[in-house]
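Residue numbers (my numbering): 11 to 407. Following: one structure in structure tokens, then a few remarks.
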């Protein structure tokens with residue numbers, strides 16, 4: 011059976027037309043992972059064709075509905091952060107000092123790139139080309155500040171760890187203001203590491219806040235009965251004083267019938283993701299690219315990205331019109347008060363990205379190249395170099 015996603019339905023994200031986006035004249039790759047493309051072809055051939063024939067991504071200066079925000083590494087957050095930050099000031103001082111041997115770090119980067127090339131020599135020529143390093147001025151500059159930030163972070167974390175008691179616990183009250191700032195940054199980074207988030211709501215005209223859905227945190231690939239209940243009906247909080255959630259059971263015959271149909275359609279193949287920490291007790295949000303699905307609503311005009319239409323999705327999968335992997339289910343989301351998301355961008359925590367819809371709609375199920383790296387490498391420039399530096403920390407890819 012064919013999917014309902016076609017290249018004709020695709021249109022650039024609304025964020026691509028904004029005057030606030032950065033220039034797209036820099037050279038950007040047309041492909042960053044043949045293995046990812048092959049996996050997408052096996053999951054959704056129509057979306058794969060759209061991806062191969064016209065996938066794109068570039069930096070944007072502000073987050074917009076239908077675009078992405080990517081969690082940046084802690085090194086980048088400090089380097090790009092507020093001039094009022096203690097860590098920003100310390101990094102600038104360190105980079106200008108004689109204590110930082112910039113030659114050592116450039117040489118180290120070249121050696122790491124050579125090591126990665128030798129480990130991946132059996133991969134396709136396109137993949138090998140994308141991993142190789144043309145040591146440009148931009149690359150050298152990125153290595154310079156990134157390795158400097160990395161060294162500073164290690165030094166400061168050792169200082170923090172030295173305050174731990176005999177049980178290895180750190181009392182925040184024992185830390186000075188500078189160390190406390192870093193500890194808070196570190197803990198937040200650990201919980202949001204390499205998030206790729208779809209912006210689904212933005213504050214406008216002084217009303218409300220923003221909302222994002224994290225799209226690269228898989229939760230389940232198949233449905234048990236309890237998982238199906240969580241996705242379909244949500245959960246019940248134990249009490250006001252206990253945040254523990256319990257999966258809700260059916261309250262009547264109608265809900266039982268809906269659950270049976272849902273399991274019939276998605277039991278053996280269902281992409282469920284953790285969308286964020288807020289409202290995880292609510293039914294999951296359905297995201298897809300099917301324009302004519304009854305009950306679906308486009309998140310922003312021209313994006314080609316839709317929410318809702320669950321009943322029609324279930325019927326469509328049962329009838330063979332659609333495939334289970336044409337749809338993505340997200341449990342929870344992240345809410346921001348007015349201005350909070352924009353502030354996180356200004357402080358270097360998140361990087362807004364405008365992109366074509368296949369990067370949003372594709373599944374993140376055991377991707378050979380993680381989505382975070384895929385998106386940043388499509389952007390090219392400094393983001394591509396940051397992705398490469400982050401890859402040197404991993405031995406599993």
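A virtual CB, placed ideally from N, CA and C, is assigned to each residue, including glycine. Since the model is a prediction, treat every value here as computed from it, not as a measurement.
Neighbourhood of residue i by C-beta distance below 6 Å, restricted to the same chain and skipping five residues each side
i: residue 91; result: 98, 357 and 358
i: residue 347; result: 219
i: residue 387; result: 42, 394 and 397
i: residue 213; result: 219, 220 and 348
Spatial neighbours of residue i in its chain, beta-carbon cut-off 8 Å, leaving aside the 5 residues before and after
i: residue 37; result: 390
i: residue 316; result: 297, 298, 299, 300, 301, 303, 306, 307, 308 and 309
i: residue 180; result: 170, 171, 173, 174 and 193
i: residue 33; result: For residue 33, the pLDDT reaches just 41, beneath the cut-off of 50, and the residue's location in the model is therefore unreliable, although a value from the coordinates is still provided. Closer than 8 Å at Cβ, skipping near neighbours: no residue.
i: residue 82; result: 90, 358, 359, 360, 361 and 396
Residue i to residue j span [Cα, whole Å]
i: residue 292; j: residue 360; result: 26 Å
i: residue 65; j: residue 329; result: 30 Å
i: residue 374; j: residue 403; result: 21 Å
i: residue 234; j: residue 244; result: 14 Å
i: residue 72; j: residue 221; result: 14 Å
i: residue 281; j: residue 101; result: 41 Å
i: residue 344; j: residue 210; result: 10 Å
i: residue 320; j: residue 396; result: 38 Å
i: residue 152; j: residue 406; result: 23 Å
i: residue 401; j: residue 177; result: 33 Å
i: residue 187; j: residue 108; result: 26 Å
i: residue 276; j: residue 296; result: 13 Å
i: residue 363; j: residue 46; result: 20 Å
i: residue 382; j: residue 285; result: 15 Å
i: residue 158; j: residue 323; result: 50 Å
i: residue 168; j: residue 93; result: 24 Å
i: residue 163; j: residue 227; result: 26 Å
i: residue 230; j: residue 223; result: 16 Å
i: residue 196; j: residue 84; result: 7 Å
Span of the alpha helix (DSSP H), counted from its first residue to its last, around residue i
i: residue 90; result: 84-90
i: residue 189; result: 187-202
i: residue 56; result: 55-64
i: residue 38; result: Looking at the DSSP string, residue 38 is not in any alpha helix (DSSP H), and its letter there is neither H nor E.
i: residue 157; result: 147-171
i: residue 294; result: No alpha helix (DSSP H) holds residue 294; DSSP gives it neither H nor E.
i: residue 238; result: 235-243
Within 9 Å, strictly: CB atoms of residue i and residue j
i: residue 208; j: residue 299; result: no
i: residue 294; j: residue 341; result: yes
i: residue 232; j: residue 278; result: yes
i: residue 385; j: residue 369; result: yes
i: residue 338; j: residue 283; result: yes
i: residue 191; j: residue 96; result: yes
Extent of the continuous beta strand (DSSP E) run through residue i
i: residue 284; result: 282-284
i: residue 67; result: 67-69
i: residue 259; result: That residue, residue 259, is in no beta strand (DSSP E); it is neither H nor E in DSSP.
i: residue 211; result: 206-211
i: residue 72; result: From DSSP, residue 72 is part of no beta strand (DSSP E); its letter is neither H nor E.
Own chain partners of residue i with C-beta closer than 7 Å, once the 5 adjacent residues on each side are dropped
i: residue 53; result: 335 and 373
i: residue 134; result: Confidence is the limiting factor: at residue 134 the pLDDT is only 44, short of 50, which leaves the residue's position unreliable, though a coordinate-based value still follows. For residue 134, where only same-chain residues beyond five positions count, the Cβ hits under 7 Å are 44.
i: residue 58; result: 47, 50 and 51
i: residue 274; result: 328
Any non-hydrogen atom of the ligand FAD within 8 Å of residue i CB
i: residue 91; result: No copy of the ligand FAD appears in this structure; indeed no ligand is present at all.
- Enumerate, from N- to C-terminal direction, the unbroken beta strand (DSSP E) stretches of 3 or more residues contained entirely within the segment 307-379. DSSP runs (the beta strand (DSSP E)) wholly in the segment 307-379: 316-318, 338-341, 344-346 and 360-365.
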